[in-house]
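Asker:
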Amino acid sequence: MYSSVVKRRMTGLRRILPGLLVVLCAASGFASAQSLDALAEEALSLGDTTSVMVQQTGEVVAEAYAVRMHADRATNIKSASKGIMGLLVGIAIREGYLDGVEQPIGPFFPAYFVKNPEPAKEAITIGDLLSMRSGLESTSRRNYGAWVVSDSWVDYALRQPLVATPGEQRIYSTGNTHLLSAILTEATGMSVKAFAERYLFGPMDIDIGGWDRDPEGYYFGGNNMALSPRSLLKLGELVLDQGRYGEAQLVPAAWIETSLGRYTRSRYNPYSYGYLWWQHQLNGYDIQFAWGNGGQYIMVIPALESVLAITASSDVPGGATSRGGRQQLFQLLGERLFPLLERRLNDNVVGSGY
């Protein structure tokens with residue numbers, strides 16, 4: 005008698021259990037969605053952040069914007085554009101415009117080096133520029149103002165003294181990435197903007213909202229490019245998918261892997277550096293990101309199949325660009341946002357029947 009009752013109850017439980025699991029998963033997903041939106045809003049309050057977009061498995065799962073900002077409004081992403089310069093170099097190598105990362109820079113600047121022969125500088129490689137190990141004195145920070153008011157940004161960067169052996173010490177300098185812009189222009193016979201639109205932005209349906217040029221007409225390599233948060237998400241998705249966008253392999257997968265290598269570390273923060281992309285481990289999650297002054301980020305979290313686009317005003321001191329503001333943002337992401345994304349990813353796997 006007892007066993008038959010138990011058997012009937014177990015049979016009934018088995019009948020309702022699948023539906024109950026669906027309800028529980030749906031409720032969990034709803035709660036996670038609410039929490040994700042709340043965290044995006046909270047991140048928006050840090051520093052002078054103007055937009056936060058979170059995408060997982062190809063779907064935007066949370067977003068928040070400051071007044072007058074929206075997903076398709078272009079904003080200056082500052083040095084986060086360095087990560088894009090790195091992608092363009094990889095494409096140029098694939099297309100045969102460049103030989104590879106060991107190629108020396110001397111032949112791209114014959115006029116300068118005829119007047120100023122310096123074999124050590126001529127032997128600096130494309131890879132040295134990509135990893136910020138050219139050895140040249142920086143044009144950033146205290147030297148930035150004098151550099152950008154000069155008549156030739158290229159010559160100014162090349163005139164900087166060698167303060168380290170090329171290929172060894174990391175010295176952050178936007179002069180390095182501007183030299184890459186000039187190299188791409190000379191190698192391809194087109195402006196770096198035209199090259200980017202042909203091989204990267206055009207296929208991804210990305211519009212450039214603005215991009216500064218130097219007095220000689222070279223587009224600013226690694227700074228002052230304007231893109232929308234939605235475009236940043238697309239670029240992050242490209243990196244997450246190993247250079248593939250839709251059905252097209254826009255950037256070689258091997259180049260993405262190479263770019264995300266750990267070649268050096270900064271003296272000023274705990275992050276590693278590859279070819280113009282940063283790497284860090286945040287609460288056990290490996291992240292890769294392009295990073296610009298003020299708090300601009302294209303952030304990729306492979307284990308969570310997620311991409312973040314974050315923009316901020318770069319004109320407000322002490323905002324998301326400050327060490328304290330950045331720590332607050334990263335703490336919120338690592339300790340609170342990433343676990344929610346992991347839960348959501350696991351819920352989706354359960355819901356799919358796997």
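Positions in the sequence shown are counted from 1; adding 4 to them yields this note's numbering.
Backbone N, C-alpha and C fix where the C-beta goes; we use that ideal spot for every residue, glycine too.
Could you check the C-alpha separation between residue 220 and residue 48 for me, to the nearest Å?
Answerer: 38 angstroms
Asker: Thinking C-alpha only, which one of 84, 39 and 42 is nearest residue 313?
Answerer: Across the set 84, 39 and 42, the C-alpha of 84 shows the shortest separation from the C-alpha of residue 313.
Asker: Pick helix, strand or coil for residue 33, following the three-state DSSP scheme.
Answerer: Because residue 33 carries a pLDDT of 46, less than 50, the predicted location of this residue cannot be relied on, and no value is offered for it.
Asker: Residues in the same chain with beta-carbon distance under 6 angstroms from residue 235, minus the five sequence neighbours each way, listed in chain order, please.
Answerer: The beta carbon of residue 235 sits closer than 6 angstroms to the beta carbons of 210 from its chain, once the five residues preceding and following it are set aside; these are given in chain order.
Asker: Which runs of the alpha helix (DSSP H) fall wholly inside the segment 101 to 130 and span at least 4 residues, in chain order?
Answerer: 114 to 119 and 123 to 126
Asker: Note down, in chain order, each residue of its chain lying with its Cβ closer than 7 angstroms to the Cβ of residue 338, except the 5 sequence neighbours on either side.
Answerer: Scanning its chain for C-beta atoms nearer than 7 angstroms, with the 5 sequence neighbours on each side dropped, one finds around residue 338 the residues 286, 287 and 289, in chain order.
Asker: Where do the ends of the beta strand (DSSP E) carrying residue 304 lie?
Answerer: 300 to 305
Asker: Can you tell which of 238, 293 and 252 has its C-alpha closest to the C-alpha of residue 263?
Answerer: The shortest Cα separation from residue 263 among 238, 293 and 252 belongs to 293.
Asker: Per DSSP, residue 282 forms a beta bridge with which residues?
Answerer: 277 and 293
Asker: Which value, in whole angstroms, describes the spacing of the CA atoms of residue 359 and residue 223?
Answerer: Nothing can be reported for residue 359: it is not among the residues displayed for the chain, which extend from 5 to 358.
Asker: Based on Cα-Cα distance, which residue from 131, 98, 341 and 329 lies nearest to residue 105?
Answerer: Nearest of 131, 98, 341 and 329 to residue 105, Cα basis: 131.
Asker: Would you list the one or two residues that DSSP bridges to residue 231?
Answerer: 79
Asker: Between residue 95 and residue 254, is the Cβ-Cβ spacing less than 9 angstroms?
Answerer: yes
Asker: Does the ligand MN have even one heavy atom less than 8 angstroms from the beta-carbon of residue 282?
Answerer: For the structure depicted, the ligand MN is absent and the ligand set is empty, with no information on it obtainable.
Asker: Given this structure, state the Cα-to-Cα distance separating residue 332 from residue 40, to the nearest angstrom.
Answerer: Approximately 17 angstroms between the Cα atoms of the pair.
Asker: What does DSSP give as the partner residue(s) for residue 135 in the beta ladder?
Answerer: Residue pairing by DSSP places residue 135 opposite no residue, since no beta bridge is assigned to it.
Asker: Would you tell me roughly how many angstroms separate the C-alpha atoms of residue 51 and residue 100, rounded to the nearest one?
Answerer: 43 angstroms
Asker: Might you give, ordered along the chain, the residues of its own chain that have their beta carbon closer than 6 angstroms to the beta carbon of residue 179, omitting 5 neighbours on each side?
Answerer: 143 and 161
Asker: To the nearest angstrom, how far is the alpha carbon of residue 61 from that of residue 261?
Answerer: 20 angstroms
Asker: I want to know whether the segment 197 to 215 touches the segment 118 to 132 - three or more CB-CB distances under 8 angstroms.
Answerer: By the Cβ criterion, the segment 197 to 215 is not in contact with the segment 118 to 132, since fewer than three pairs of Cβ atoms, one from each stretch, lie closer than 8 angstroms.
Asker: With which residues is residue 183 paired in a DSSP beta bridge?
Answerer: In the DSSP output, where bridge partners are listed per residue, residue 183 has none listed.
Asker: Among 317, 153 and 350, which has the Cα closest to the Cα of residue 70?
Answerer: 317
Asker: In chain order, what are the residue ranges of uninterrupted beta strand (DSSP E) at least 3 long that sit wholly in the segment 181 to 224?
Answerer: none
Asker: Considering only DSSP beta bridges, list what residue 166 is partnered with.
Answerer: 140
Asker: Cβ of residue 65 within 9 angstroms of Cβ of residue 58?
Answerer: yes
Asker: Between the alpha carbons of residue 241 and residue 268, how many angstroms are there, rounded?
Answerer: 25 angstroms
Asker: Measuring only the C-alpha atoms, how far is residue 346 from residue 309?
Answerer: 9 angstroms
Asker: Taking the alpha carbon of residue 298 as the point to measure from, which residue in 201, 80, 147 and 248 has its own alpha carbon closest?
Answerer: 80
Asker: For residue 230, which residues from the same chain have a beta carbon less than 8 angstroms from its beta carbon, with the 5 sequence-adjacent residues on both sides left out?
Answerer: 78, 79, 80, 81, 212, 213, 214 and 215
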